[in-house]
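In case it helps, the working numbering puts the sequence shown at residues -13 to 271.
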Amino acid sequence: MKVIKEINEMQKAAADLIQAGKTIGFVPTMGYLHEGHERLLEEARKENDFVVLSIYVNPLQFGEHEDLDHYPRNIEHDLSVARKNDVDFIFLPENKTMYPSPLSIEMVVSKRANVLCGRSRPGHFEGVVTVLTKLFNICHPTRTYFGQKDAQQVAVVDALIQDFNFPIQLVSVPTVREEDGLAKSSRNINLSPQERLEAPAIQKGLQKGKSLAKTQNLEIKEIIKETRQFIERETRGKIDYIELLSYPELEPVEVIDRQVILAAAVYYENARLIDNTVFAPGDIS
Ligand code: AMP
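In structure tokens form, the structure reads like this:
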């Protein structure tokens, strides 16, 4: 396993592999690796000759009042997880390497970003697509792996790859959960013990909403209301949003006649958690 900090070195290593006819599976992360990240690495390992993991807490995708300074980090732990998962290259750049000077060109995400997290975190997806454009050009992935936990991110990356013709296959990997259903997240470490006990309510509420859509012919706003009431009853976390939209287009729907996402974000004292469930009419009839 090789740790690379410089862009030109990573770019050369990746270009040499592609030139030699090898495939590269690329897993971009912000580190503090857990089993969710490991699932992405496992998939990448299975499907490619080489695996590149990037660890970079991208300041561009954090708002002014967000948790950039408190984002958990543990590089020694990450290196051992990477080794265990047979990663070939870790790209581990510093801020001054990624953004040596202010960018001259800014990207704007005009679709799929003005709802859900994009609405609560203005500029977030602009930061995501900017860093990914750089990382794709540095790591030359054949395939890139993203978690369905961040379903809106998957939808935006899908649009990025299509709009800008990156020759990359996007692979979306199901959410890995704790035993009580809470989606694994680097941010879970910032929950108090009581918050940790309550947080599985987010997924339970979403499943309740989905099952209401299945068993009763409720209107969308009723499904959202019932989901909200369930989550509010079970946790003192403050709901940021609960939305039901088409997926991956992320447009409003009147009825569930195509694949949809029911998604929620909840604020706790030191962490904002997100989760979702994606389902199609076939799944609920
Ligand atoms: P992050 O380090 O939080 O930016 O996440 C890096 C990648 O891991 C993203 O594609 C996430 O969607 C994915 N990921 C994070 N948590 C999970 C999880 N619980 N299950 C599956 N993938 C995840």
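Note that the Cβ used here is the ideal one computed from N, Cα and C, for glycine as well. Keep in mind the model is a prediction, meaning the values are calculated, not measured.
Quick one: what's K320 bridged to in DSSP? The structure shown does not extend to residue 320, since the chain is modelled only from -13 to 271, so the question has no answer here.
Give me the residue from I225, R222, T221, G191 with the minimum Cα distance to I209. G191
Run through the region 103 to 178 for me and flag every whole beta strand (DSSP E) of 3 or more residues, listed as ranges in chain order. 129 to 133, 155 to 159
Assumed close pair P160, F12 - CB separation to whole angstroms, cut-off 8 Å: No, P160 and F12 are not in contact; Cβ-Cβ is about 19 Å, not under 8 Å.
Could you spell out the range, first to last residue, of the beta strand (DSSP E) harbouring V67? Per DSSP, V67 belongs to no beta strand (DSSP E); it is in the alpha helix (DSSP H), 61 to 70.
DSSP-derived helix/strand/coil call for K97: coil
Taking K211 as the reference, which of E181, L183, A249, P179 has the closest Cα? A249
Relative to the C-alpha of P88, which residue among A99, N100, T116, D64 is closest? T116
Could you tell me how far apart the beta carbons of I(-7) and P79 are, in whole angstroms, since I believe they sit closer than 8 Å? 7 Å
Cβ shell of A(-1) (< 7 Å), same chain only, five flanking positions each side left out: I(-10), F75
Closest residue to I175 among I225, L118, A145, D53 (Cα-Cα distance): D53
Less than 8 Å between the CB atoms is what I'm expecting for G22 and I41, so what's the real figure, rounded? With 8 Å as the limit, G22 and I41 do not qualify as a contact, their Cβ atoms being about 14 Å apart.
Is DSSP giving P45 helix, strand or coil here? helix
Is it buried or exposed for D136, if we count other Cβ within 10 angstroms and need 16 for buried? buried
State the Cα-Cα distance for the pair P153 and E218, rounded to the nearest angstrom. 44 Å
With a threshold of 7 Å (Cβ to nearest heavy atom), would Q139 be considered close to the ligand AMP? yes
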